[in-house]
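In the working numbering, the protein residues as written are 13 to 418.
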């Protein structure tokens, strides 16, 4: 089946379409000719799922046309992806692929006008990676590439790296939840060195380890456009953070840094505290599901003091008790920009909640506070309940009872 997208199709019944909120578009799914005829003259619509050649030009005339393919057969491949369809390359095309990996070869004629390519959750394997490498080598206007969950290992990364390096317009690269590992990061550095406008890099869930972090750090300083870096769940540990900090200090434009689920302890927090304070643009810092503890909380003070643009801080599941919250309260209160704070699944009680109550009075921008699964009790809940600016307050699993709720 071929899915066509057009902004005029927002009134279609949901059973016949898929709403893509992120693209603000409506994708048609296996539409019969009668439904398609509502939007194009009947004489231009062929029976069934096929779209005749006469409407190709009309599709090209719509800015932001999105074509989504699901396992195109030979006839569809000939009709839709034939080179003559793209002779008038006056519009950039966004494409989502959910087809069989061996059919990626059909995308090659589209490559010169692809600006957005989404192949996530399609396990490519060797043949799929080879097909994708052929496609991206001529993607001169490609800005967004999503390969999350595509089953790419370090060999696949090696095959893709040389081709991706030619995508000089690439600004968003998502390689999350693959199997790149340490060896794959060596090949990835070739891409980072050549894609000078790359702003968003997601490598979460790739198990690159401490050595992979060291390889990555060598080129981070050259990524002048990088604003978003996600390294969630990569087994970095304190040693990996040590290597990483060698490059993070040079990322002056970094706005979003995610390091959750990396076994980072007090030593790693100290290293981050000494470097991230220099990242003046940093607005999002994710450190949830680590091993920071009370000692590490004190080491983060430098980040909170130096990062004056910080708006989002994630410290969920870090073994923080009342003492840690007391240490953090002062610098947190000084961050007037702080709007989102996640301290869920820790160990602090009513005293920690009282300290947070003071923070809420100082942080007038605070809209989201998550303190679920702690030990704040009835007394602690009263300290947090008086902030009228909060749009979201999560207090579950805190033994609050009826008295605390009141």
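Glycine residues also receive a C-beta, built at the ideal position from the N, C-alpha and C atoms.
Between residue i and the rest of its own chain, which residues show a CB-CB distance below 6 Å, the 5 nearest in sequence each way excluded?
i           : result
residue 206 : 177
residue 285 : 311, 312, 314 and 315
residue 273 : 244, 245 and 301
residue 279 : 250
residue 291 : 266
residue 364 : 334 and 337
residue 62  : Annotation note: pLDDT 35 at residue 62 (below 50); position unreliable, no value reported.
residue 146 : 120
Rounded to the nearest angstrom, how far is the Cβ of residue i from that of residue j, given a contact under 8 Å?
i           : j           : result
residue 269 : residue 294 : 6 Å
residue 344 : residue 371 : 5 Å
residue 276 : residue 253 : 6 Å
residue 243 : residue 215 : 6 Å
residue 210 : residue 187 : Wrong, their Cβ atoms sit about 12 Å apart, outside the cutoff.
residue 198 : residue 155 : In fact, because the Cβ distance is near 25 Å, the residues do not count as touching under 8 Å.
residue 172 : residue 141 : 6 Å
residue 185 : residue 213 : 6 Å
Once you ignore the five residues that flank residue i on each side, which residues in its own chain have a CB closer than 7 Å to its CB?
i           : result
residue 195 : 166
residue 350 : 322, 323, 325, 344, 375, 377 and 378
residue 401 : 376, 378 and 379
residue 255 : 222, 225, 226 and 229
Helix, strand or coil: how does DSSP classify residue i here?
i           : result
residue 257 : helix
residue 354 : strand
residue 194 : helix
residue 201 : helix
residue 129 : strand
residue 385 : coil
residue 116 : helix
residue 406 : strand
residue 106 : strand
residue 372 : helix
residue 289 : helix
residue 232 : helix
residue 396 : helix
Drop a sphere of 10 angstroms on the beta-carbon of residue i, count the other beta-carbons inside from all chains shown, and report buried for 16 or more, exposed for fewer.
i           : result
residue 354 : buried
residue 336 : buried
residue 152 : exposed
residue 236 : exposed
residue 376 : exposed
residue 168 : buried
residue 114 : exposed
residue 60  : Since pLDDT at residue 60 reaches only 28, below the 50 mark, its modelled position is unreliable, and the value read off the structure follows with that caveat. By the 10 Å Cβ count, residue 60 comes out exposed.
residue 287 : buried
residue 135 : exposed
residue 138 : exposed
residue 158 : buried
residue 282 : buried
residue 208 : exposed
residue 133 : exposed
residue 309 : buried
residue 162 : buried
residue 403 : exposed
Tell me whether residue i, by its Cβ, gets closer than 7 Å to a heavy atom of the ligand SAH.
i           : result
residue 365 : Only the bare structure without any ligand can be found here, which leaves the ligand SAH out of the picture.
Spatial neighbours of residue i within its chain, please: C-beta separation below 8 Å, excluding the five flanking residues on both sides.
i           : result
residue 356 : 328, 329, 382, 383, 384, 385, 386 and 406
residue 231 : 201, 204, 205 and 259
residue 361 : 333, 334, 386, 387, 388, 389 and 392
residue 289 : 314, 315, 317, 318 and 319
residue 305 : 277, 278, 330, 331, 332 and 336
Inside the region 297-355 only - alpha helix (DSSP H) runs reaching at least 4 residues: Segments of the alpha helix (DSSP H) lying fully in the region 297-355: 305-311, 313-318 and 334-345.
Entirely within the region 240-287 and at least 4 residues each: give me those alpha helix (DSSP H) ranges in chain order. Qualifying alpha helix (DSSP H) stretches, in chain order: 249-260 and 278-287.
Along the chain, which unbroken stretches of the beta strand (DSSP E) at least 3 residues long are found entirely within the region 155-193? Whole beta strand (DSSP E) segments, 3+ residues: 156-158 and 184-186.
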